[in-house]
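In the working numbering, the protein residues as written are 1 to 251.
Structure (structure tokens):
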């Protein structure tokens, strides 16, 4: 099943009924004015978890046997004979907010995921590496502030990646497919990233990825040590003064 409603003037929340379409293989709601939180029930799209698209002989009588999809920002036309490669979710260019639902990572047959140009915040799900069939991932132009999860190096089929214009931090992974992503533009707009393909060098592994709680704990430790040193110094000063008084009294 294919649901393609891109480039309309739809507004408001995405109807929850869409996520009850258990036979859905392609969901394209891009270039609308949809808002609200990115729904956690995306994980209900069970056909994106297993199985293949079976369209041959089913839609041929009522269609021309092809489908146009936007991939890598180019409109491409696919024949139904190869549509089994196209399990896809495209919610780009809307006004969706909230975090990227962790439930998305259960769609293990997903091959295209485009959530770019929304108002999504939070972190990239740490287990995004579960999407082992993913070929195209576009999370650009949002407000994501996490490091790039190490599990993303498990996406060995990934051939198109765009993480630009977020608030990502830390070292850019250098394993597997990430060795082929040598275009700095896919990471630009993330001042906290370091390492190849940028020229800046990551100073240490502990420089990034320290949580706010850890930082506050370290600050508290420093403050406690400072107070301890001050206490010792005051004690020594008191003992010195006491000794002086004893000497004066004896005189």
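By construction, the Cβ of each residue, glycine as well, lies at the ideal position given by its N, Cα and C atoms.
Contact belief for residue i with residue j at Cβ below 8 Å, rounded distance in angstroms
i	j	result
residue 129	residue 151	3 Å
residue 34	residue 2	18 Å between Cβ atoms; not a contact.
residue 162	residue 140	4 Å
residue 262	residue 100	The chain is shown only over 1 to 251; residue 262 falls outside these bounds and no answer can be derived.
residue 158	residue 193	The Cβ separation is near 18 Å, so there is no contact.
residue 166	residue 142	6 Å
residue 112	residue 131	Not quite, the Cβ-Cβ distance comes to about 10 Å (not below 8 Å), so this is no contact.
Option in the options with minimal Cα separation from residue i
i	options	result
residue 114	134, 102, 179 and 33	134
residue 7	25, 30 and 13	30
residue 183	157, 164, 98 and 143	164
residue 98	132, 112, 88 and 144	144
residue 154	174, 9 and 25	174
residue 180	156, 20 and 116	156
residue 201	186, 4 and 172	172
residue 23	12, 148 and 88	88
residue 117	110, 93 and 108	93
residue 121	95, 109 and 108	95
residue 197	138, 187 and 90	187
residue 11	20, 37, 26 and 132	37
residue 91	109, 149, 26 and 102	26
residue 138	185, 16 and 191	185
residue 32	17, 149, 4 and 170	4
residue 203	190, 191, 170 and 178	170
residue 177	160, 191, 189 and 190	160
residue 148	28, 190 and 199	190
Span of the beta strand (DSSP E) around residue i
i	result
residue 37	33 to 37
residue 13	That residue, residue 13, is in no beta strand (DSSP E); it is neither H nor E in DSSP.
residue 137	136 to 138
residue 154	No beta strand (DSSP E) holds residue 154; DSSP gives it neither H nor E.
residue 183	That residue, residue 183, is in no beta strand (DSSP E); it is neither H nor E in DSSP.
residue 99	95 to 99
residue 113	112 to 114
residue 119	119 to 122
residue 252	As shown, the chain starts at 1 and ends at 251. That puts residue 252 outside it, with no answer to give.
residue 6	Here residue 6 belongs to no beta strand (DSSP E), and DSSP marks it neither H nor E.
residue 27	26 to 28
residue 193	192 to 194
residue 169	169 to 171
Contact test: residue i Cβ vs the ligand HEM heavy atom, cutoff 6 Å
i	result
residue 180	In the structure on display, the ligand HEM does not appear, and there are no ligands present to speak of.
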